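There are 2 protein chains.
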Amino acid sequence: MEWIEKPSLILDENRVRENIARMAEKARTGNVQFRPHFKTHQSRTVGRWFREFGVQAITVSSVDMAQYFANDGWQDITIAFPVNLRQMKQINQLAERIRLHLLVDHPDAVEHLGKMLAHSVRVWLKVDVGYRRAGVLWEDRVQLARLVQSILRQEKMHFAGLLSHFGHTYQASGPEQIRKIYRKAVERMRVAADVCRKAGAEEVRISIGDTPSCSIVDDFLEVDEIRPGNFVFYDWEQQRLGSCTDQHIAMAVACPVVGVYPGRSGAVIYGGAVHFGKQFALLEDGTKAYGVAASEGWRITPEMGLLVSVSQEHGIVRLGKEWKDRIRIGDVLTFFPVHSCLTANNFACYHTTRGQVIGKFRSLFSEI
Amino acid sequence: MEWIEKPSLILDENRVRENIARMAEKARTGNVQFRPHFKTHQSRTVGRWFREFGVQAITVSSVDMAQYFANDGWQDITIAFPVNLRQMKQINQLAERIRLHLLVDHPDAVEHLGKMLAHSVRVWLKVDVGYRRAGVLWEDRVQLARLVQSILRQEKMHFAGLLSHFGHTYQASGPEQIRKIYRKAVERMRVAADVCRKAGAEEVRISIGDTPSCSIVDDFLEVDEIRPGNFVFYDWEQQRLGSCTDQHIAMAVACPVVGVYPGRSGAVIYGGAVHFGKQFALLEDGTKAYGVAASEGWRITPEMGLLVSVSQEHGIVRLGKEWKDRIRIGDVLTFFPVHSCLTANNFACYHTTRGQVIGKFRSLFSEI
Chain A
1 MEWIEKPSLI LDENRVRENI ARMAEKARTG NVQFRPHFKT HQSRTVGRWF
51 REFGVQAITV SSVDMAQYFA NDGWQDITIA FPVNLRQMKQ INQLAERIRL
101 HLLVDHPDAV EHLGKMLAHS VRVWLKVDVG YRRAGVLWED RVQLARLVQS
151 ILRQEKMHFA GLLSHFGHTY QASGPEQIRK IYRKAVERMR VAADVCRKAG
201 AEEVRISIGD TPSCSIVDDF LEVDEIRPGN FVFYDWEQQR LGSCTDQHIA
251 MAVACPVVGV YPGRSGAVIY GGAVHFGKQF ALLEDGTKAY GVAASEGWRI
301 TPEMGLLVSV SQEHGIVRLG KEWKDRIRIG DVLTFFPVHS CLTANNFACY
351 HTTRGQVIGK FRSLFSEI
Chain B
369 MEWIEKPSLI LDENRVRENI ARMAEKARTG NVQFRPHFKT HQSRTVGRWF
419 REFGVQAITV SSVDMAQYFA NDGWQDITIA FPVNLRQMKQ INQLAERIRL
469 HLLVDHPDAV EHLGKMLAHS VRVWLKVDVG YRRAGVLWED RVQLARLVQS
519 ILRQEKMHFA GLLSHFGHTY QASGPEQIRK IYRKAVERMR VAADVCRKAG
569 AEEVRISIGD TPSCSIVDDF LEVDEIRPGN FVFYDWEQQR LGSCTDQHIA
619 MAVACPVVGV YPGRSGAVIY GGAVHFGKQF ALLEDGTKAY GVAASEGWRI
669 TPEMGLLVSV SQEHGIVRLG KEWKDRIRIG DVLTFFPVHS CLTANNFACY
719 HTTRGQVIGK FRSLFSEI
């Protein structure tokens, strides 16, 4: 780590490839389409690693991100976000060159989209099976049927099926509860799919997405497609949920130590909210932790250090007893973030443990 | 707002200029040096507006940000962050071309800096007067004296004085408590300054920085320099603290509506954690809110909408009764963020209410 000058996002390329290989194999065995979500890594280079494992179709979370990956040759992209009608120009440009999948959950969106589409797209109905963020309620038969029929009437829309994100698995107490949520959610999607068929849809594919489910369940049941994203790096939150062990976590943030206060906070690192974000893990003793120390071999090591507070560029680290007198100004400490997606999003590039620098998409918006 | 396609950072340029004018005038009347912190706006253009009000000296939070502003002609910059010894090359490059101020709070930092500095810098002793983040404890006379003497021995260091950030004002219940914290903190700095003088320092300037104090106190007492940053935009948090009214808040985020669910969440906007961050305001009824609706005239309007949940790109808005049936997919809703510094940091540019697009520094790190 001698080269580190500033907070740096470190990737363990071996672990990344192992995570991809494992999930690709699981999809193959389970006979489901693997359409990984690229919003976690947002990197052309990491995307190419997925290609090595046979991945052809991907998921993204914004129109701009779709454009970024289309520019790198991806031809089959789902924008897993309720369609933003204010980006129709970009959407039409994409629909012209790639196989584009969009999400709708409201008749107004279908109608506007129908009028404004210049090229054919696949359309998924976003269904809410318990997360309560977006989507048609799975049990709202009237609305489901109405939407399906409305989509089927549109010349430029091919009805693809039902798509959902079981985001409530993140609130689960552990693997057993995740399996339960999963089974219930899939059953609800199956019921909704029947409604769609009765409304006239010939084929109704079922697409689901969260990393906890995809990591933990053994049988994908009636599901046709999985869209996990976070698994490519995993993180401390996933480890706490039981989706992975710390030996699967492939991303960490290396931070220079800029202050040591053995009697008080422990240490201050250059690494704060603009790097880690403000998402915290609530530990059993009531501590809010924004990150946890990764030891030499990248094991979760709370007894070494916990990132207990973050302001804009500062992080306060509570050092363990054995570490208090060993850490010096100018040292580098490495932390697993709580949530790798949001942390990765804050950085402009990755450094691999093999010494490579990898570029990534940065959240768009005209740079001046 | 017809032009808005994506979540966009909007600046009310008039309010920004008024905020700058008010603080500059207050500093002039109070006979203190005004050295505004530029980490809030991080923009060359906004920086130039400060120049129009006579500002010549600034504060930043990283070496890279210092470089960005030095490239725009700023000649007197304080990096208000414990010196990062791993960026000595950049620090020396800066010290050669501008009047550079650095912070130290540990003998190791002074010693290393002394060996590695190639050009003269001003050095401030960072003092902790109650915030407990970084800095020498104000009452640790032995350490204070030791540090001053160590700085005075270094050929390339000019001892500038004591610097502190009264970050604990953010936890205050309101203006009266902020005034109390301020008075106590300044008194502690005065005591520490006496220790520095006795240790041999000829001049000991006192530099302080938080927006709540600088906005609320009427008399800067023994202070020589103020470094507020947030006041340039203010935000919902500052309004709740009593540092400003909503008519001073100069920055908001405009977000397209992508989903409406009158029976459930209310609305889903394109605008999530990657835009607003995950810092929330805890309201009296227990609601966690990541932003609050700004009405047409940019008044805080919680009865219109509260941003009650954010995931990567999604925001869930709880709409007020009168708004539930009026908001449509494709509309634009505008929100004041909880914390403008962190929100601004997430974007690559601003759009002014006058229709101008303004570039800004983006958090560094070699872009590839």
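Sequence order for the protein chains is A and B. For the first sequence, this note's numbering begins at 1 and goes up steadily by one. For the second sequence, this note's numbering begins at 369 and goes up steadily by one. For every residue, glycine included, the Cβ atom is placed at its ideal position computed from N, Cα and C. Since the structure is predicted, the reported quantities are computational estimates derived from the model, not experimental observations.
Selected residue, minimal CA-CA separation from residue i, among the options
i, options, result
"A448/B", "R419/B, P475/B and A502/B", "A502/B"
"V489/B", "L512/B, V510/B, G415/B and I519/B", "I519/B"
"A561/B", "G482/B, V451/B and D508/B", "D508/B"
"D224/A", "E25/A, Q247/A and F34/A", "F34/A"
"A250/A", "N14/A, S295/A and T287/A", "N14/A"
"E664/B", "Q410/B, F703/B, L675/B and G654/B", "F703/B"
"L531/B", "I546/B, V572/B, H643/B and F729/B", "V572/B"
"T78/A", "A199/A, I98/A and S309/A", "I98/A"
"K288/A", "L307/A, R299/A and A294/A", "L307/A"
"D380/B", "Y602/B, R551/B, V685/B and E681/B", "Y602/B"
"A160/A", "L147/A, F166/A and V60/A", "L147/A"
"G229/A", "F347/A, A57/A, G291/A and G286/A", "A57/A"
"P375/B", "I726/B, V725/B, Q724/B and L701/B", "L701/B"
Nearest-angstrom beta carbon gap, residue j and residue i [assumed within contact, 8 Å]
i, j, result
"A95/A", "L117/A", "7 Å"
"H87/A", "E373/B", "According to the sequence provided, residue 87/A is Gln. The question's His does not apply to it. Rounded, the Cβ-Cβ distance is 5 Å, consistent with contact."
"V621/B", "L377/B", "6 Å"
"V428/B", "F406/B", "5 Å"
Residue i versus residue j - alpha carbon distance
i, j, result
"T245/A", "G271/A", "25 Å"
"S265/A", "T301/A", "18 Å"
"A145/A", "H119/A", "24 Å"
"V16/A", "V232/A", "6 Å"
"V625/B", "I576/B", "42 Å"
"D586/B", "Q606/B", "17 Å"
"D105/A", "K115/A", "17 Å"
"Q435/B", "L241/A", "42 Å"
"C709/B", "T720/B", "17 Å"
"R197/A", "D128/A", "18 Å"
"V268/A", "G259/A", "5 Å"
"L137/A", "W74/A", "32 Å"
"H536/B", "D578/B", "9 Å"
"L364/A", "Q143/A", "Caution is warranted here: a pLDDT of 48 is assigned to L364/A, below 50, making its placement in the model unreliable, and the coordinate value is therefore given only provisionally. Distance between the alpha carbons of L364/A and Q143/A: 34 Å."
"D76/A", "T343/A", "27 Å"
"G673/B", "I329/A", "46 Å"
"S243/A", "G683/B", "25 Å"
"W604/B", "S311/A", "17 Å"
"R188/A", "E222/A", "11 Å"
"S734/B", "P82/A", "Because S734/B sits at a pLDDT of 42, beneath the cut-off of 50, its placement in the model cannot be relied upon, and the following sentence gives the value as read from the coordinates. Each residue's Cα considered, the two are about 33 Å apart."
"I736/B", "G47/A", "With a pLDDT of 33 at I736/B, under the threshold of 50, the predicted position of this residue should be treated as unreliable, and no value is reported."
"R722/B", "H469/B", "36 Å"
"A661/B", "R547/B", "30 Å"
"Q615/B", "A201/A", "53 Å"
Partners in chain C for residue i, counting only beta-carbon separations shorter than 8 Å
i, result
"P36/A", "Included in the structure are the protein chains A and B, with no chain C among them."
DSSP beta-bridge partners of residue i
i, result
"Q401/B", "E593/B"
"R205/A", "G161/A"
"Y350/A", "I358/A"
"H101/A", "T78/A and R122/A"
"P256/A", "V332/A"
"H682/B", "Y638/B"
"V292/A", "L306/A and F336/A"
"I10/A", "A252/A and H351/A"
"Q131/A", "Per the sequence shown, residue 131/A should be read as Tyr rather than Gln. None, per the DSSP bridge assignment."
"T59/A", "H37/A and T78/A"
"I300/A", "A294/A"
"V186/A", "Answer is none; V186/A lacks a bridge partner."
"Y629/B", "G634/B"
"A649/B", "A657/B"
"L485/B", "L485/B pairs with nothing; no bridge assigned."
Proximity test, residue i beta-carbon vs the ligand NAP heavy atom, cut-off 7 Å
i, result
"I378/B", "This structure simply doesn't include the ligand NAP, nor any ligand for that matter."
Within 7 Å of chain A by C-beta, residues of the stretch 461-493 of chain B in sequence order
So the list reads D473, H474, D476, A477 and H480, given in the order they occur along the chain.
Relative to chain B, which residues along the stretch 327-349 of chain A have a C-beta separation below 9 Å, given in chain order?
Cβ contacts with chain B come from R328, I329, G330, V332, H339, C341, L342, N345, N346, F347, A348 and C349.
Got a sec: which bits of the stretch 619-638 of chain B sit with their beta carbon under 8 Å from any beta carbon on chain A, in order along the chain?
Going along the stretch 619-638 of chain B in chain order, one finds P624, V626, G627, V628, Y629, R632, S633, V636 and Y638 with a Cβ nearer than 8 Å to chain A.
Can you pull out the residues from the stretch 67-83 of chain A whose beta carbon lies closer than 8 Å to at least one beta carbon of chain B?
Considering only beta carbons, the part of the stretch 67-83 of chain A lying closer than 8 Å to chain B consists of F81, P82 and V83, in chain order.
Residues of the stretch 310-323 of chain A with Cβ closer than 9 Å to any Cβ of chain B, in chain order
For the stretch 310-323 of chain A, which is checked against every Cβ of chain B, the residues closer than 9 Å are S311, Q312, E313, H314 and I316.
Residues of the stretch 566-581 of chain B in Cβ contact with chain A at a cutoff of 8 Å, in chain order, please.
Residues passing the 8 Å Cβ filter: none.
Using a Cβ-Cβ cut-off of less than 8 Å, give me the residues of the stretch 534-552 of chain B that come near chain A, in sequence order.
Residues passing the 8 Å Cβ filter: G535.
Name, going along the chain, the residues of the stretch 269-302 of chain A whose beta-carbon falls closer than 7 Å to a beta-carbon of chain B.
Within the stretch 269-302 of chain A, the qualifying residues are Y270, A273, V274, G277, K278 and Q279.
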